[in-house]
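Heads up, the numbering used here is the position in the sequence shown plus 141, with the first residue counted as 1. Ideal Cβ placement from N, Cα and C applies to all residues, glycine included. Accompanying notes for the structure given below.
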Amino acid sequence: MDDDRLALVMLKPDAVRQQLTGPILRWLTDRGFELVGFRQFLLSAERRANLYRTTRRGGRLDWQLNAVLYTLGPVQGLLLHGPAGDLPAASVVSGRLKGDFRPSRAQPGTMRADLGALNPIFNLVHSADDPASVRRESRVLFNDGPVFDEPELSAAAARPPAPFPLWSIVAGVLLRWAAEAGVAEATLAGVDWPADSDGPRLDALRVATRAVEEIAAASSPGTARILAGIRTGETTWDGWRDRTRIDDDPWPSYLTYTTLRYLDLCLETP
C-alpha cells in the first residue's frame, strides 16, 4: 500500500469516553478516507512516550498533566487509506483536517471544531504528521495486536455519542468545592456560566473567566489562592483531585482542572 496514501489517527480517551468513534469515522469517510486498521487498548506510559517521542519537548502543555488523560481509559488507533492528492494523506489530516490543539482556535471544517473538542487536553485526536511518522506510530499502536479488531469496532461505532456538558461539569465541580470551602451559597447562585452549547468558544471562555474570578473574590485568601493557582500550575492536579473527587470518578475534576489550567492559553490573542 502506498505510504503517501496512509494516515494514522488515534482517538484519545476523552473521545472514546464520549463515544465519538462512529461520528469521527463518518466524518473521515465523508472526506474520502477508508479505515484499514482499528485497535482499542490502554496506552501504557512506555507506548505514550514512544508515540510522542518527537513532539513532547517544546510544547505548550504540561506533559505530566497531559499524561493523566491516558490513565483514565483506552485509546483507539485508526489506520486510514486516504484519497490521492498533492500532499501525503497524513499531512492532510495533520495540517488541514485535525484542527488547532486549542479548540477555541479550531476552524469549522476540522475534526476538533466539528466534533466538539473541549480544551487543549480534551481535544479528541492525535494524528501522525507525515508518512515516516505513520510508519513509526503504527508500530507503537498496532505491533502486538490485531490490526483490524472488527468486533470492537462494530461495538464502538454503534454506541450513541455521549458528549460531556462542559460548563455544567465545570460549574458543578467549582460550586460544590467553593460551598464546602465556605463561600456563601447566595454568592455562588449569582455567578453566571456559559451555556454548554457555547462550547469552548472565546466568548464562552471570557464568561467562564469572570465566573472563576467572582468565586475567587468571594473566597477566603487561601481558597482564592488555590483557585488562582490552577491557572498558573501552582495548584497541581494531584492537589486539586484530592479536593474535588466526586464518587471516585476523576473525569469531572480532570475536565474542570484542565479547562481552568489552560484558560489563559486559549484566550491569548493570535
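- Taking 8 Å as the cut-off, the beta carbon of Phe179 is found closer than this to the beta carbon of Asp290.
- Residue pairing by DSSP places Met151 opposite Gly218, His267 in a beta bridge.
- Beta-bridge pairing by DSSP links Asp227 to no other residue.
- In chain order, Ala352, Glu355, Ile356 place their CB closer than 7 Å to the CB of Val332, counting only its own chain and leaving out the 5 sequence neighbours on each side.
- Exposed is the label assigned to Gly323, since fewer than 16 other Cβ atoms lie within 10 Å of its Cβ.
- With contact defined as three or more Cβ pairs closer than 8 Å, the segment 148 to 156 and the segment 211 to 228 are in contact.
- Note on geometry: alpha-carbon atoms of Asp270 and Gly240 lie some 13 Å from one another.
- For the 8 Å CB-CB criterion, Ser361 and Trp381 do not form a contact.
- With fewer than 16 other CB atoms across the displayed protein chains lying within 10 angstroms of its CB, Glu175 is exposed.
- Remark: C-beta atoms of Ala359 and Thr328 approach each other more closely than 8 Å.
- Collapsing the DSSP output to three states places Leu259 in coil.
- Here the C-alpha atom of Ser274 lies approximately 26 Å from the C-alpha atom of Arg158.
- The beta carbon of Pro335 is closer than 7 Å to those of Trp308, Ala345, Val348, Ala349 in its chain, skipping five residues each way along the sequence.
- Exclusion of the five residues before and after Arg342 leaves Ser245 as the residues of its chain whose Cβ lies within less than 7 Å of its Cβ.
- The continuous beta strand (DSSP E) containing Glu175 extends over residues 175 to 182.
- With fewer than 16 neighbouring CB atoms inside 10 Å of its own CB, Arg366 falls in the exposed class.
- Between Asp145 and Pro261, the beta carbon gap of about 30 Å keeps them out of contact (Cβ cut-off 8 Å).
- Taking the Cα of Asp379 as reference, the smallest distance to any Cα among Gln205, Thr364, Leu265 is reached at Gln205.
- Val266 sits close to Ala156, with the two beta carbons spaced by under 8 Å.
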